[in-house]
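Engineer: According to the numbering used here, the sequence shown is numbered sequentially starting from 3. Cβ atoms here follow ideal geometry from the backbone N, Cα and C, with glycine treated the same way. Note that the structure is predicted; figures quoted are calculated from it, not measured. Before we start, here is the structure in question, set down as structure tokens.
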Amino acid sequence: MRYGGAGAQQRCHELTPVGDLNGRSLVERAHELRPAIVRDQCSRPKNCILRALPAADYKRLLDSLEEVVLDQHHVLNEPGGIITHAVFPESSLISLITALEDGSSVEVAVIGSRGFSGLPLALGSRTCPYGALVQIGGKALQMKAAAFTNEFHRGGSFQSVVLAYMRCRIFMVSQHAACNRIHELSKRLARLLLRIHDELRGGEIPMTHESISLLLGAARPDVAMHAAVLRSAGAIDYSRSRIKVVDRKKLESSACECYSLITREFQQVFGKSKQPPKTGHSAPR
Ligand SMILES: [Zn+2]
3 MRYGGAGAQQ RCHELTPVGD LNGRSLVERA HELRPAIVRD QCSRPKNCIL RALPAADYKR
63 LLDSLEEVVL DQHHVLNEPG GIITHAVFPE SSLISLITAL EDGSSVEVAV IGSRGFSGLP
123 LALGSRTCPY GALVQIGGKA LQMKAAAFTN EFHRGGSFQS VVLAYMRCRI FMVSQHAACN
183 RIHELSKRLA RLLLRIHDEL RGGEIPMTHE SISLLLGAAR PDVAMHAAVL RSAGAIDYSR
243 SRIKVVDRKK LESSACECYS LITREFQQVF GKSKQPPKTG HSAPR
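What follows is the structure, given as structure tokens:
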């Protein structure tokens, strides 16, 4: 892995403390500091990382942001590969996966509208130790790696938001390490479905048992068996390649504690969603 890109040589400007929120989320603080935050539907981002920025900072970033449509199964990064862009999903979902020599794999993180891929750029690395795969195709905003690095080293709100997200990501990955080792597959399955449902901002989950089993590092028949139990309980329903969350409360009661812990961490930093994720059928966004 290569460390120390050109951006890492630049002097970091004054850091805005990320922990001094006095109980407010970054989104709430952005509104307090900049009442004129972008309200135009055309320019208001659906990704919560970008939405947490004050209007002036987000407007400046627009020159560096490119709207793209990510195709399902597109490989953004091979493990150890060069990161060309930071990608901020809006309706798409990216999975970070660690793959082992025996061919097995397990989820490191799922990244949708509440995150971005390319976090190693903030640490001065141009490579990603994990594989990054588009699990669910859809819209995203992307920023070239050099632009991301330059913006991050300006300091200010963008750096603060990225560092705040880094805090959430570290907590999430740490929790997943314990979860993958300790918790039962049935509870991990419910936790993963809830996380994906949140990252997609509701609606159906266009994934198969096969792709879910790869994320969980479990055999497909075992995942199918536990999914059938969740369906019998009325928590989910599914067809060949789509999963529908029917009753979030039931699904939450079936998940391990990791879901609520990770959700609470994100809510402390970025605030609660204005609306609960939708259940049932919805048009693709
Ligand atoms: Zn767990």
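Between which two residues does the beta strand (DSSP E) containing S107 stretch?
Structural biologist: On the sequence shown, position 105 is the one that residue 107 refers to. Taken as a continuous stretch (DSSP letters only), the beta strand (DSSP E) holding S107 covers S107 to I113.
Engineer: Considering only the alpha carbon of each residue, which of K146, D224 and I207 lies closest to S215?
Structural biologist: Mapped onto the sequence shown, residue 215 falls at position 213. Per the Cα distances, D224.
Engineer: Who are the Cβ neighbours of V29 in its own chain at under 8 Å, not counting the five residues just before and after it?
Structural biologist: In the sequence shown, counting from the first residue as 1, residue 29 sits at position 27. Its pLDDT being 49, under 50, V29 is placed unreliably in this model, and the coordinates cannot settle the point.
Engineer: Hey, would you say the C-beta of H185 is under 7 Å away from at least one heavy atom of ligand 3?
Structural biologist: As for ligand 3, it is missing from this structure, which binds only ligand 1.
Engineer: As a quick exercise: from L123, F160 and M168, pick the residue whose alpha carbon is nearest that of A148.
Structural biologist: Numbered from 1 along the sequence shown, position 146 holds the residue referred to as residue 148. Considering only alpha carbons, the answer is L123.
Engineer: Kindly give me the distance between the Cβ atoms of A134 and L98, rounded to whole angstroms, as I take these residues to be in contact under 8 Å.
Structural biologist: Your numbering for residue 134 matches position 132 in the sequence shown. Your numbering for residue 98 matches position 96 in the sequence shown. Right, the Cβ-Cβ distance comes to about 6 Å (below 8 Å), so this counts as a contact.
Engineer: Give the straight-line distance between the Cα atoms of V108 and A166, rounded to the nearest whole angstrom.
Structural biologist: Counting from one through the sequence shown, the residue named residue 108 turns up at place 106. Counting from one through the sequence shown, the residue named residue 166 turns up at place 164. Going by the C-alpha atoms only, they are around 25 Å apart.
Engineer: Taking all protein chains shown into account, do 16 or more other C-beta atoms lie within 10 angstroms of the C-beta of H178, making it buried, or fewer, making it exposed?
Structural biologist: Counting from 1 along the sequence shown, the entry for residue 178 is found at position 176. Result: buried.
Engineer: Nearest to G120 by CA position, among P47, G105 and G82, is which residue?
Structural biologist: Within the sequence shown, residue 120 is the residue found at index 118, counting from 1. The residue with the shortest Cα to Cα distance from G120 is G82.
Engineer: Provide the residue span of the alpha helix (DSSP H) that contains E254, from first to last.
Structural biologist: Residue mapping note: residue 254 aligns to position 252 of the sequence shown, counting from 1. Counting along the chain, the alpha helix (DSSP H) containing E254 begins and ends at R250 to S256.
Engineer: Please report the distance separating the alpha-carbon of G2 from that of A230.
Structural biologist: Since the first residue of the chain shown is 3 and the last is 287, residue 2 is not available in this structure.
Engineer: Counting along the chain, where does the beta strand (DSSP E) carrying P91 start and finish?
Structural biologist: On the sequence shown, position 89 is the one that residue 91 refers to. Its beta strand (DSSP E) spans residues H87 to P91.
Engineer: Go to M209, then tell me how far its alpha helix (DSSP H) extends in each direction, as first and last residue.
Structural biologist: Mapped onto the sequence shown, residue 209 falls at position 207. Neither: M209 is in no alpha helix (DSSP H) and is coded neither H nor E.
Engineer: Look at the alpha carbon of G117 and the alpha carbon of S176, and state the distance between them as a whole number of angstroms.
Structural biologist: Numbered from 1 along the sequence shown, position 115 holds the residue referred to as residue 117. Numbered from 1 along the sequence shown, position 174 holds the residue referred to as residue 176. When rounded, the distance between both Cα atoms is 16 Å.
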